[in-house]
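K.L.:
In order, the protein sequence lines correspond to chains C and S. To convert, take the position in the first sequence, counting from 1, and add 1196; that gives our numbering. To convert, take the position in the second sequence, counting from 1, and add 6; that gives our numbering. No residue lacks a Cβ here, since even glycine has one placed at the ideal position from N, Cα and C. These numbers were taken from a predicted model, which means no experiment stands behind them. Take a look at this one; I'll ask things after.
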Amino acid sequence: MHAISLQGVTKTFGDLTAVDDLSLTVPEGAIHGFIGPNGSGKTTTMRMIVGIFHPDSGSVKVFGEEMRGIRTGLIGYLPEERGLYRKMNVRTLLEFHGELRGGHNVPQQVAHWLDRLSLSAFADAKIETLSKGMTQKVQFIAAVVPKPRLVILDEPFSGLDPVSAESIREGILEMRRKGTTVVLSTHDMATAESLCDSILMIFKGRKVLDGTLEQIQDQYGNDTIRLSTQGGTEFLTRLPGVENLRDLGQFQEVRLARGADPQEMLRALIALVPVKSFSIAKPSLHDIFVRIAGNE
Amino acid sequence: MNKLLIIAKRDYIESVKTKAFLFGLIVAPILFGSGFIGIMVMEKKPDLTERRIALVDRTGEAAATVIEAVQEKNERDLNDKDTGRQTMPRYKFEIVAPDTANPDAQRLALSRRVSSKDLYAFAEIGSKALHPDATGEKNPENGISWYSNETGVNGGRSWIANPMNDGIRRARMTQAGVDPARFSDLLGNVDIRTMNLVSQDEKTGQTHPAEKRTQAAMAVPLVLVMMLFMIVMITAAPMLNSIAEDKLQRVHEMLLASATPFDLIGGKVLAALGRSLTSSILYIAGALVVLNALAMFGLAHLELIPWFLIYLIAEITMLSAIAAALGSACGSPQDAQSLGMLLFIPVIIPMMMMAPIMEAPNGGLAVAMSFFPPFTPMMMMLRQAMPGGVPEWEPWVGLVGMIAGVTVISWAASRIFRVGILLQGKPPSVGELMKWAVRG
């Protein structure tokens, strides 16, 4: 059974079609990444999976069950718009969220996660006294107690320092190890590449990419050269077969036109400047994202 | 536990712990009670400054009898009959000859004396006051004009009106040749006692004689309605701000993933009911203790307590549901302030109508208002607590209407809440709110 199954889902707000005939499946026990530019329909899709919005047409099933008007304790949800009752203390608030999802052993699970994310010392502190990063970690815990089978995380890493982000990342991996299905949205392509088992890209409400990173990259072939030279970058676009240049500072990423020969390009490059490094690669997720969202 | 109950439990515990709730619980009765205390103080410490009144008599015959009648009544009422303490000011008159050539200049000069506090007021007895013509009130010459800058409800005019009329009648009788010794016999007032109705015990058939209606008995409906108003203000009022604040802090989206909008709004309404019942139990217990201590327990009307609680539940449910809907539509704290006025229409209008309703508790307006569901709790409570009460069927019919009204309002409110709670930016218009309520 799929953790999530969307069939022909459309959602409009007035004249705006936020999600357009979207179909997707998410297997159980995997980490699935939603990527896409702002306003592409990621949050609307997540809200429909959780049951906050109902689709205008199509069906949304979670663990085989239609989601219309149902609130199940099986789903944990971290919305992009962060907000917690500021006057409550951390432990009481987390136990409230756990109880609301019908959890068992909620106090023990809250204690486990507070310890896991180094927040035990703040268990009795009021939310309003916490830093932004700590508040975000508390909200993450609120989304994952009590042991949901599916967790939806909308931009879980935004605004976090590297240490806090790492503790959230470890928490997500721990949940996957225990069999929880995780769906997360992110604008950080490196995170999506390294953390997600499969990736879905939504653009203008429609699905434009769906699969593992390898499957997605295979659609584009080995058309990317990563190189660094001792002679600047301005001449690179004049090399044979170069379609696009992305200067990353320490090295450059060059996209070749369909049918162009990398060896020919290397020969032309060596004739011009000393080459420090040259590798043929599949395009990065970032590059693919920009190609689609940049309307290339 | 049911999600609605979990939300209600959290909201209740978190709100009763707040300083605002505890402060309101203590301060509200002090604020409302201070009005009554103020009246009592005013009655005990009246303004006893002598009141000088200039009297312009255009009849040429009435001044003496008017002054005589006023001063006789003044002497009778001057001191409290039990304590002998002076309770009202002494009235002194100054007869001013009418200026027939330039009456306006005379009025201006006297007005200036009133403004400079040389006079309390001046009165002008119209030339036809003893025998008014057919033009009646339209012609000031047919009556007495009272000029003053007093603004108080219990100013001199209301007290002096009767003895002045008495004086006019005395002048007429003098003209008719009646012996002045007979004036007090002919014009003397008799006491009209206000009595409750005679009732009969349906089981025993025993007849209960009517009792004299006291002022304290008339205070019972006032106190009950004020208590209802007070509890509504300290429990339902903060809900609009609280929901608007929660919306601005984005706390609802996460909750909506775990609970339906109905659970959320229902939990909040239930918490408001919990707060109101907590307040009312404390207030009712306090009122009973005070009445007992004052040996006035007979005024307690224990039979009205269940109705009081029913009306309270209906009022709080209705207003909390409206508050949740309006709160969900707010885009800023300022919106919450301006929408607050809409929320309190169901309690403000009955409060403003209390005086006319108490004048005629079984009149058409009173009955109609008490069957209009948003006004039923306060209006029916007021009428039920009045001496004589209401026909037995009326509260039950009111209850049915109220249940229907509360159901419709709560249903519409939950639909508005569902749409509004996740919207950000510009607040919706009233038309859009209506559309949300109808279409969801």
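1. What would DSSP say about Phe268 (chain S), mapped onto helix, strand or coil?
2. Measure the C-alpha to C-alpha separation of Arg424 (chain S) and Ala443 (chain S) and round it to an integer number of angstroms.
3. Would you mind stating whether Ile1323 (chain C) and Leu1289 (chain C) have Cβ atoms separated by less than 8 Å?
4. Would you check if the region 77-92 of chain S and the region 175-186 of chain S touch, i.e. whether three or more CB-CB distances between them fall below 8 Å?
5. Report yes if the CB atom of Thr141 (chain S) is closer than 8 Å to the CB atom of Pro95 (chain S), and no otherwise.
6. Checking contacts by CB at 8 Å: is Val1205 (chain C) closer than that to chain S?
7. From the DSSP output, in three-state form, read off Phe1264 (chain C) for me.
8. Measure the alpha-carbon distance for Asp110 (chain S) versus Ile150 (chain S) and round it to whole angstroms.
9. Using 8 Å for Cβ pairs, my map puts Gly1272 (chain C) next to Leu1202 (chain C). What's the rounded Cβ distance?
10. Going by beta carbon distance, what residues of the same chain come within less than 7 Å of Thr106 (chain S), once the five residues before and after it are set aside?
11. What is the rounded straight-line gap between the Cα of Asn202 (chain S) and the Cα of Pro312 (chain S)?
12. Would the beta-carbon of Leu276 (chain S) fall within 8 Å of that of Leu270 (chain S)?
13. Would you tell me roughly how many angstroms separate the C-alpha atoms of Phe350 (chain S) and Leu1356 (chain C), rounded to the nearest one?
14. Judging by CA-CA distance, which residue of S:Leu37, S:Leu305 and S:Leu114 is the nearest neighbour of Ala127 (chain S)?
15. Using 8 Å as the threshold, is the region 1416-1436 of chain C in touch with the region 1461-1477 of chain C, meaning 3 or more CB pairs across them?
16. Hey, how far is the Cα of Lys1400 (chain C) from the Cα of Met1197 (chain C)?
17. What first and last residue would you give for the alpha helix (DSSP H) that runs through Val1404 (chain C)?
18. If Ala135 (chain S) and Thr65 (chain S) are in contact, beta carbons under 8 Å, what's the gap, nearest whole angstrom?
19. Hey, would you say Arg1278 (chain C) sits closer than 8 Å to Thr1331 (chain C), going by beta carbons?
20. Given a cut-off of 8 Å on the beta-carbon distance, is the pair Thr1240 (chain C) and Val1215 (chain C) in contact?
21. Taking just the CA atoms, how far does Ser1363 (chain C) sit from Gln1335 (chain C)?
22. Can you grab the Cα-Cα spacing for the pair Glu1224 (chain C) / Ile19 (chain S), in whole Å?
23. Look at the alpha carbon of Cys1392 (chain C) and the alpha carbon of Asp1217 (chain C), and state the distance between them as a whole number of angstroms.
24. What number of angstroms, rounded off, separates the C-alpha of Ile36 (chain S) from the C-alpha of Pro362 (chain S)?
25. Is Arg1287 (chain C) near Val1306 (chain C), with beta carbons less than 8 Å apart?
26. If distances are taken between C-alpha atoms only, which option among S:Val33, S:Trp165, S:Ser376 and S:Pro433 comes closest to Gln343 (chain S)?
27. Can you give me the Cβ contacts of Leu1260 (chain C) inside the same chain, cut-off strictly under 8 Å, excluding the 5 residues immediately before and after it?
28. Should Val257 (chain S) be flagged as near chain D, meaning a C-beta pair shorter than 8 Å?
29. Skipping 5 residues on each side, what residues in its chain have a beta carbon closer than 6 Å to that of Val72 (chain S)?
30. Report yes or no: is there a C-beta of chain S within less than 8 Å of the C-beta of Gly1494 (chain C)?
31. List, in chain order, every chain C residue whose beta-carbon is nearer than 7 Å to that of Arg16 (chain S).
32. Chain C partners of Ile249 (chain S), CB-CB under 8 Å?
33. Just the chain C side, please: which residues come within less than 8 Å of Ile12 (chain S) by C-beta, in chain order?
34. Indicate whether at least one CB of chain C lies closer than 8 Å to the CB of Trp442 (chain S).
35. Between which residues of its own chain and Asn1285 (chain C) is the CB-CB distance below 8 Å, once the five residues before and five after are set aside?
36. Do Leu1270 (chain C) and Arg1345 (chain C) have their C-beta atoms closer together than 8 Å?
P.N.:
To lay it out plainly:
1. helix
2. 10 Å
3. yes
4. no
5. no
6. no
7. A small fix is needed here, since residue 1264 (chain C) is Arg in this sequence, not Phe. Of the three classes helix, strand and coil, the one that applies to Arg1264 (chain C) here is coil, per DSSP.
8. 16 Å
9. Gly1272 (chain C) to Leu1202 (chain C), Cβ: 19 Å. No contact.
10. none
11. 23 Å
12. no
13. 44 Å
14. S:Leu114
15. yes
16. 29 Å
17. From DSSP, Val1404 (chain C) is part of no alpha helix (DSSP H) but of the beta strand (DSSP E) over Arg1402 to Gly1407.
18. 6 Å
19. yes
20. yes
21. 13 Å
22. 39 Å
23. 24 Å
24. 26 Å
25. yes
26. S:Pro433
27. What sits at residue 1260 (chain C) in the sequence shown is Gly, not Leu. If we look at Gly1260 (chain C) and ignore the five residues flanking it on each side, its Cβ neighbours are Met1197, His1198 and Ser1201.
28. Absent from the structure is chain D; the protein chains it does hold are C and S.
29. Met170 and Gly173
30. Here chain C has residues from 1197 to 1492 only, and residue 1494 (chain C) is not among them.
31. Phe1292
32. The contacting residues do not exist; Ile249 (chain S) stays about 12 Å from chain C at best.
33. Phe1292, Glu1295 and Leu1296
34. no
35. Ala1319, Asp1320, Ala1321, Lys1322 and Ile1323
36. yes
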